[in-house]
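This report refers to the structure that appears directly beneath it.
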Amino acid sequence: MKSYLFTTETDRGGVMLCEIEDFDTAVKYLCNRFDGVVRIESAEQVWELPDADKVVAHSQSAAPEAGSMTGSVTQDAAPEPADLFG
Numbered sequence: 005m006k007s008y009l010f011t012t013e014t015d016r017g018g019v020m021l022c023e024i025e026d027f028d029t030a031v032k033y034l035c036n037r038f039d040g041v042v043r044i045e046s047a048e049q050v051w052e053l054p055d056a057d058k059v060v061a062h063s064q065s066a067a068p069e070a071g072s073m074t075g076s077v078t079q080d081a082a083p084e085p086a087d088l089f090g
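Using the numbering used here, you'd call the opening residue of the sequence shown number 5 and step up by one each time.
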């Protein structure tokens, strides 16, 4: 089991503890699962979105169009999160 610390463009994020051992696979999963991921860390491995892409991502999320969804998560790519408080 591995843990991945991720940060979003709004300086939020969290830790994902999962069975994904391959760092590149975890990066793809987290970027699909959460909007605006700009940094992912696990042990000594670090992935960061290039600065130019951070500016574009931030401007897109700052003013989303009505009725549109940012990101493209498919049902098979990201499972529904568990209700931890209900």
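By construction, the Cβ of each residue, glycine as well, lies at the ideal position given by its N, Cα and C atoms. Quick caveat, the model's predicted, so the values are computed rather than measured.
DSSP three-state assignment for P68, whether helix, strand or coil = Position 64 of the sequence shown, counting from 1, holds the residue named residue 68. The pLDDT assigned to P68 is 48, lower than 50, so where the model puts this residue is not dependable, and the model offers no usable value.
Taking just the CA atoms, how far does D39 sit from F10?
-> What you label residue 10 is simply residue 6 of the sequence shown in a count that begins at 1. What you label residue 39 is simply residue 35 of the sequence shown in a count that begins at 1. Each residue's Cα considered, the two are about 11 Å apart.
So, helix, strand or coil for L9, using DSSP?
-> Taking the sequence shown and counting its residues from 1, one reaches residue 9 at position 5. Secondary structure of L9 (DSSP, three-state): strand.
In angstroms with no decimal places, state the Cα-to-Cα distance between C35 and T14.
-> Here residue 35 refers to the residue found at position 31 of the sequence shown. Here residue 14 refers to the residue found at position 10 of the sequence shown. Using only the alpha carbons, I get a separation of about 14 Å.
V26 to S7 span [Cα, whole Å] | Residue numbering aside, residue 26 sits at position 22 when the sequence shown is read from its first letter. Residue numbering aside, residue 7 sits at position 3 when the sequence shown is read from its first letter. According to the sequence provided, residue 26 is Asp. The question's Val does not apply to it. Rounded to whole angstroms, the gap between the alpha carbons of D26 and S7 is 11 Å.
Reference R16; option with closest CA among W51, I24, V41 and P54 = As a first step, residue 16 must be located in the sequence shown, where it is residue number 12. The shortest Cα separation from R16 among W51, I24, V41 and P54 belongs to V41.
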